[in-house]
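Following: one structure in C-alpha cells, then a few remarks.
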Amino acid sequence: MRITKLLPSVSVVLMSLPYGVAQQPAAAQQDQLLHVNQIQIIGTHNSYHTGLAPSERKLIEQQNPKALRALDYAHPPLADQLSSGVRQLEIDVYADSKGGRYAHPLIVDKVAAAGLPTDPDVDPKHEMDKPGFKVMHVMNYDQRSSCHTFVACLAIVRRWSSQHPAHLPIFILVETKQGREAAPASSAGPEPFTSAIFDALDAEIHSVFKESEMITPDKVRGSYDTLAEAISATGKSMAGKTGGWPTLALARGKVIFLMDQKPVTPVYTAGHPALSGRLIFTNGAPGAPDAASFEENEPSKEAIEALLRQGYLIRTRTDDGTEEARTNDHRRADLALSSGAQIASTDYPSAAPSKWTGFFVGLPHGLVARCNPVTAPAGCVDALLEPSSTK
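Position one of the sequence shown corresponds to residue 5 (this note's numbering), numbered consecutively onward.
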C-alpha cells in the first residue's frame, strides 16, 4: 500500500531553490500537509533501564542464566537518547500510593546472603520512600533506573523538549506493571491499577506537562464520536468536522502518551467514553471507541498494513531479549522498518550499539525520522522532517 501524490509542490520547491534558501519554506509547507501517522521514528524499549550492578549480575547469573541473558542491556539517560535522535521512550510504572512499597528490593538481601560484595545503593536519594509512581523493570530484582519516579522521568523529557521546540512529537509509551511479579510470599506485590490509580497517573502527567504541550485523545477525536472515526478521517476534508491525527505543524514540540498494556484498557476507559478526559491513548481493539494506536510487537507486514489503512498508529519491536544483538541478526528489524509501523522500538539505537556485535537499529543515512514507507504521500522529503538544530 502506498498513498498517491499529495506533496509534489514540496519537492518542486526544494529542487528549484538553493539548499539554504529552500530548506525552511519547504519544511514549513511539508509540515502543513504531513500528519503524525505518516512518518517513521526509532524508539527505545525500557528506556530508563540502566542494567544490573556487579553483584546483582553475578547472583542472577548463578541462579538463572537465561534471565540474565535477557536483562543484559542498558540505556543512556533519557535526555541523551533524545539528543541522539530517539523519538519514542518507554517508561514502566508501578503504583505506590503510600510510598515505600518498593524501597527495599529483595535482591539486596540475597546478594548479602550469598557473600557477594555490596552493590551501590539502588536509591541513594530515597525517592522510593515517597508516594507516587515508581519506574523500574522488575520489582525486587531489576530496579535500577536512570530516573526513579514517573514525575522525574517526565520532567527530563519536558526540559529537553523546551530546549528543542522544533522537535518531532515525542511518544511516551507507558507500561503499567502489576499482577504476577517477583515478590516473595511474605511481601506485598505491585499495587493494582484501579480507575482511581489511573486518575492519579493522569494527574502526575498534568503536573509536568501543560495541556498545550500534549496531543491528547480529546484533541485527536475532535468533533467525532469515537477515536476510530476521527483517525480514519485524518487528512480528509469533512464539512463541519474536526479531529484526526494532527499535522506536523501542530505536533512539533509536543508529547503523545501511549498505553502498553491491553488488559488495563477497560479500567482506564471506565467513565471516560472514547477516552474523553484521559491523556493516554490505549492499546485496545480495532474499531473500539478508544482505538487509535496499537502494538504489533511481532512484526507482520500484513497485519500492520491492515491497521495502517484504517489510520492507526503502530508500535513494533525490532529485537528482543538481546538475541538479535548477540548474532547481529537484522531480519526482524528490517521487517519492522519495512512494515510501515510508525514506531520501531529497539534496545540498541544507533548511538548505543550492541557490545557483542555492534548491532544497532536506525533509519537510513542516520535520519532521526523518515517519510513512512507505507503511509507517507509521494513527494514527502525525509531531510525536512527533523532539522539538525534539534539534535
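Glycine included, C-beta positions come from ideal geometry on N, C-alpha and C. Predicted model only: the values in this text are computed from it and were never measured.
- Query: Helix, strand or coil: how does DSSP classify M263 here?
  - Reply: Three-state DSSP puts M263 in a strand.
- Item | Short Cβ contact (8 Å threshold) for A234 with V224 | Yes, Cβ-Cβ distance for A234 and V224 is below 8 Å.
- Message: Taking the beta carbon of N376 as the centre, do at least 16 other beta carbons fall within 10 Å, making it buried, or is it exposed?
- Response: With a 10 Å radius around the Cβ and a threshold of 16 neighbouring Cβ atoms, N376 comes out buried.
- Quick one: what's Q92 bridged to in DSSP? G47, F175, per the DSSP bridge assignment.
- Item | C-alpha gap between D333 and L158, whole angstroms | Those two C-alpha atoms are separated by around 33 Å.
- Query: Using a Cβ-Cβ distance under 8 Å, would R282 count as near chain B?
  - Reply: Looking for chain B here will not work: only one protein chain is present.
- Sort A116, H141, G104, D127 by Cα distance to D398 and report the nearest one. Nothing can be reported for residue 398, as the shown portion of the chain is limited to 5 through 395.
- Item | Pairwise C-alpha distance: S349 and I45 | Each residue's alpha carbon lies about 9 Å from the other.
- Item | Distance between I209 and E60 (C-alpha atoms, nearest Å) | Approximately 32 Å between the Cα atoms of the pair.
- In DSSP terms, what F285 is bridged to: Per DSSP, L262.
- Among residues of its own chain, excluding the 5 on either side of L63, which ones have a beta-carbon nearer than 8 Å to its beta-carbon? Cβ within range, chain order: I111, K114, V115, A118, L120.
- Message: Which same chain residues end up closer than 8 Å to P124 when comparing Cβ atoms and leaving out the 5 residues on each side of it in sequence?
- Response: Answer for P124: A57, listed in chain order.
- Is the stretch 29–43 touching the stretch 246–253 in the sense that three or more CB pairs, one from each, lie closer than 8 Å? Yes, the stretch 246–253 is in contact with the stretch 29–43.
- Query: Which residues mark the beginning and the end of the alpha helix (DSSP H) in which I347 is found?
  - Reply: Segment 347–350 is the beta strand (DSSP E) holding I347; no alpha helix (DSSP H) there.
- Message: What does DSSP give as the partner residue(s) for C375 in the beta ladder?
- Response: BP columns for C375 point to I43.
- Cutoff 6 Å; reference E390; Cβ partners in own chain excluding five residues on either side: The beta carbon of E390 sits closer than 6 Å to those of L172, V372, A373, all from its chain and outside the five residues before and after it, given in chain order.
- Message: What does the alpha-carbon distance come out to for the pair V126 and M140?
- Response: CA-CA distance, V126 to M140, rounds to 11 Å.
- Message: So, under 8 Å CB-CB, P194 and Y52 are touching, yes? Tell me the CB distance rounded to an integer number of Å.
- Response: That belief does not hold up - the Cβ atoms of P194 and Y52 are roughly 17 Å apart, past 8 Å.
- Item | Residue of P128, Y77, D206, T122 minimising C-alpha distance to V155 | Cα-wise, what sits closest to V155 is D206.
- Note down, in chain order, each residue of its chain lying with its Cβ closer than 6 Å to the Cβ of S358, except the 5 sequence neighbours on either side. Excluding sequence neighbours, S358 sits near A329, Y352.
- Query: Apart from the five residues just before and just after Q399, which ones in its own chain have a Cβ nearer than 8 Å to its Cβ?
  - Reply: Nothing can be reported for residue 399: it is not among the residues displayed for the chain, which extend from 5 to 395.
- Message: What does the alpha-carbon distance come out to for the pair D229 and L341?
- Response: One C-alpha to the other measures close to 32 Å.
- Message: Strictly by DSSP, which residues pair up with V142?
- Response: For V142, DSSP records a beta bridge to D146.
- Query: Which class does F298 belong to by DSSP, given the choice of helix, strand or coil?
  - Reply: Reduced to three states, the DSSP call for F298 is strand.
- Query: Does the Cβ-Cβ distance between S2 and A192 come in under 8 Å?
  - Reply: Beyond the ends of the chain as shown, which are 5 and 395, falls residue 2; an answer cannot be given.
- Message: Nearer than 7 Å: is that true of the beta carbon of A204 relative to any heavy atom of the ligand GDP?
- Response: No copy of the ligand GDP appears in this structure; indeed no ligand is present at all.
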